[in-house]
Structures are given as C-alpha cells and as structure tokens.
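Participant: Pasting in a structure now, in structure tokens, and then I'll have a few things to ask.
There are 2 protein chains.
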Amino acid sequence: MTTHSKKLEKYNPASESFDIKEFPFYWVARVNALYSREMEKTLKPMGMDIARWRVAAILQFNGPSSISELALHAIGKLPTITKIVYRMRDAGLVEVNASESDGRVAIVTLTEEGHKQVDMVLDMTTKKVFSRAFKGFSEPQIKKTNELLKRLFVNLSAD
Amino acid sequence: MTTHSKKLEKYNPASESFDIKEFPFYWVARVNALYSREMEKTLKPMGMDIARWRVAAILQFNGPSSISELALHAIGKLPTITKIVYRMRDAGLVEVNASESDGRVAIVTLTEEGHKQVDMVLDMTTKKVFSRAFKGFSEPQIKKTNELLKRLFVNLSAD
DNA sequence: AAAATTTAGTTGACAATTCAACCTTTAGCG
DNA sequence: CGCTAAAGGTTGAATTGTCAACTAAATTTT
Chain A
6 MTTHSKKLEK YNPASESFDI KEFPFYWVAR VNALYSREME KTLKPMGMDI ARWRVAAILQ
66 FNGPSSISEL ALHAIGKLPT ITKIVYRMRD AGLVEVNASE SDGRVAIVTL TEEGHKQVDM
126 VLDMTTKKVF SRAFKGFSEP QIKKTNELLK RLFVNLSAD
Chain B
6 MTTHSKKLEK YNPASESFDI KEFPFYWVAR VNALYSREME KTLKPMGMDI ARWRVAAILQ
66 FNGPSSISEL ALHAIGKLPT ITKIVYRMRD AGLVEVNASE SDGRVAIVTL TEEGHKQVDM
126 VLDMTTKKVF SRAFKGFSEP QIKKTNELLK RLFVNLSAD
C-alpha cells in the first residue's frame, strides 16, 4: 500500500523519470555548501572557520552548553566537537568547566573575546550573505522556507 | 533605502530580536547533516561514503564530467575531488581520461561497477530516507521546497 | 547497596580534507 | 607569432575529522 501518487515519482531518486534537479536534498546540500563557502570568506581573515563559527554562534544564542548539546546543534560527532572546543579554548574563545550537578558533563561558555568575535562576524555577514540570499523573498516566503525545512528535519529525526 | 520590512528583522542574525530557530540556514545545515548521516548508514556497509556517493550520483545523472564540474555539483574543493576521484578509480568505480578537445581537462566516467553501486544505493536509500523525509508532504509542497531552495541557491550564486 | 548498564566525554591512531605551490595546456593580446 | 595570463588539475605538508577504545560519573537492576 503506497501513500504516494504517481506524480511523486519524479522526485524519487530510484524512479526512471527521476531528475536530480528536482531532488530537494541535492539543493539542500548545494545551498549549504554555498552558504558555508560564503561564510568562510568572512571567517578566514579573522582566523575562524565554519566549525568554530557554528559552535560560537550556538553558544551566543543558546547560552552555555554541554559538549553533547553543541554536537547536536552545531552538527558534528562528539569527538569532533570535543576537539573544536579545546582548540577554541586554546584560542581564548571559550571556557570549559565541569558541571556542578553532573560530573560527566563539560559546560562550555563563551568568553568576552568569544562574544566579541561572534558580534563581529554577525556584523560582517549579515549584510553580505543574509540579505543577498533572501533578495526578493517576502516575509511569508522566508517563514515558509523555515517551516518546510523544519518539517524535513523533524521527519528525519524520527527513528 | 531598505527593501525589507521591520518584520524581517526576526530572521536577521544581527538583529536584537533574532531567533536562531527562525534562521533558515541553521535548518539547511541541520537537514543536510541529518540527511548525510542517514545516507552514511546505508553507504558504510558497502564501503562507500558521502563524498564518493555524491560524485558517483552526479556521474550517473549528468554523465561523464570533468573534475571541475564534479567539484561544482558534488560540492568540494578541487584537490578534494581530485583525490576522491582517484580513490574511486583505485576501487574500480570510475575511469579517468584526458579530454580530446582540451588537454588540461580530465574526464571522469562511471564504470559498469560504478553504475551498479549507484543503482544499489538508490534502491536501498529510496525507501529508507526519501520517503521518510517527505512523509506527509504533498507534491506541491515538495515542489515548493525545491523552488525555494533553488532560489536561495541562485541568489547565493550571484556575485 | 553492589553490580551492571548507560551516558558524557576524552584520547590516539588513522583517514580525509585543505592550503600552497606547482605543472600543463589553452586563451588573450599587442 | 610570441609573450603573458588564465584555466584545469595534481601533489606534499599541515590541519582537521572520524573510528574505536577507554575512563569516569550517573542511573538502573537485582
């Protein structure tokens, strides 16, 4: 019993009539790559990269977080985030402390310097990347984009 | 002169009222990561990874391509793609030949074995990942998702 | 409450990616 | 034509990411 109509076949990679240009994940990957590359340009001159940036941004917006939380939101395997965090600590961007309530948990906090860097990046990228990407988008369209992406995310999150 | 309404501020990372959960690129990155992770599960057992998969898929759908074209569509820096391609050649998935018309260009072609692997992956991932991700999506919604992503891509592509 | 399991994080060995520097071949230009 | 620049690709060194194995703290079982 299939819940999909014949028309959906075009979007299905295993179908004969499949067209990669109509496959949303192809575009998700390319948009992500393009956005990352654009960010890189801004980050490089200040000795940052996307990995560090993601962690810093999450810390700025979500406040102090454990390594696991960072792995979840900033996207990455635990060992990867661990190493990024300690590189960032060596660079003076974050502090790492054991949680009071749970001895296993390492809480990462942005330093003053870290906050300054985030503000600087936001300042430089906002006009350069954000407004360019959404040129011609109305508010409902941005909202719609977000909604659809969130739904994809939720669907993929479910085991 | 600004073309954006006050309401758009919420989506703008540099704005005071910015909410990272309403920032589309945050979701683009997370969706991409989740999709990749899901694909990885299928690819790992057959000795593939996402990088190889992207290259193979592009070759399957676009036909023989130069290294630069692969770098563009499969997303990656030139040296990265070069190395992936030669790893794939050593694994018997592709052939590499100099272009007839331009001595600088290396044309990459999927072998029989390569095609077989792509078909196999498509077969295994289609039901597992694609249909799960788009559960509850109507055809117009998938179409809309694609449109919005393409627009973002085009906007970001423009210098 | 002791033993077993799970959760959170770290580390070292290995694999993959990236940056720079380089080599060819092609395209432009006076 | 001959010179210079640009395009396409490759390679080695350095960086970064990943897997597997491990430690320690907390939770669950019994």
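Each protein sequence line maps, in turn, to chains A and B.
Each residue of the first sequence is one higher than the one before, starting from 6 at the first, in the working numbering.
Each residue of the second sequence is one higher than the one before, starting from 6 at the first, in the working numbering.
Yeah, the Cβ is synthetic: ideal placement off N, Cα and C, and Gly gets one too.
1. Pick out the complete alpha helix (DSSP H) segments inside the stretch 61-90 of chain A, 4 residues or longer, and give them in chain order.
2. Give me the chain A residues within the contact set of residue 80/B, using Cβ-Cβ distance strictly less than 7 Å, ordered along the chain.
3. Rounding to the nearest angstrom, what Cα-Cα distance links residue 135/A and residue 141/A in this structure?
4. Counting pairs of beta carbons, one from the stretch 44-62 of chain B and one from the stretch 57-75 of chain A, are three or more of them closer than 8 Å?
5. Can you find a C-beta in chain B that's less than 8 Å from the C-beta of residue 73/A?
6. For residue 34/A, name the three-state secondary structure that DSSP assigns.
7. Check whether the Cβ of residue 147/B lies closer than 8 Å to any Cβ atom in chain A.
8. Kindly list, in the order they appear in chain B, the residues whose Cβ is closer than 8 Å to that of residue 87/A.
9. Count the other CB atoms, across all protein chains shown, that sit within 10 Å of the CB of residue 97/B; report buried if there are 16 or more and exposed otherwise.
10. Name the DSSP bridge partner or partners of residue 105/A?
11. Please list, in chain order, all residues of the same chain as residue 76/B whose beta carbon is under 6 Å from its beta carbon, the five residues on each side excluded.
12. If you measure from the beta carbon of residue 25/A to each beta carbon in chain B, is any gap under 8 Å?
13. Over the uninterrupted beta strand (DSSP E) stretch that includes residue 115/A, give me the two end residues.
Facilitator: So, from the listed chains and residues:
1. 72-79
2. On the second sequence, residue 80/B is found 75 positions in, with the first residue counted as 1. Here the neighbours are 34, 35, 38.
3. Translated into the one-based positions of the first sequence, residue 135/A becomes position 130. Translated into the one-based positions of the first sequence, residue 141/A becomes position 136. Approximately 12 Å, taken between the alpha carbons.
4. no
5. Taking the first sequence and counting its residues from 1, the one referred to as residue 73/A is at position 68. Taking Cβ atoms only, chain B never reaches closer than 8 Å to residue 73/A, which makes this a no.
6. Taking the first residue of the first sequence as 1, we reach residue 34/A at position 29. In the structure shown, residue 34/A sits in a helix (DSSP, three-state: H, G or I).
7. To locate residue 147/B, count along the second sequence from 1; it is residue 142. Taking Cβ atoms only, chain A reaches closer than 8 Å to residue 147/B, which makes this a yes.
8. For the purposes of this step, residue 87/A is taken as residue 82 along the first sequence, with counting starting at 1. Result: empty, since nearest Cβ-Cβ is about 17 Å, beyond 8 Å.
9. What you label residue 97/B is simply residue 92 of the second sequence in a count that begins at 1. With fewer than 16 other Cβ atoms within 10 Å, it is exposed.
10. Counting from 1 along the first sequence, the entry for residue 105/A is found at position 100. DSSP lists no partner for residue 105/A.
11. Within the second sequence, the letter at position 71 stands for residue 76/B. Result list for residue 76/B: 83, 86, in chain order.
12. As a position in the first sequence, residue 25/A is number 20, starting the count at 1. Closer than 8 Å: yes.
13. Taking the first residue of the first sequence as 1, we reach residue 115/A at position 110. Element bounds for residue 115/A: 111-115.
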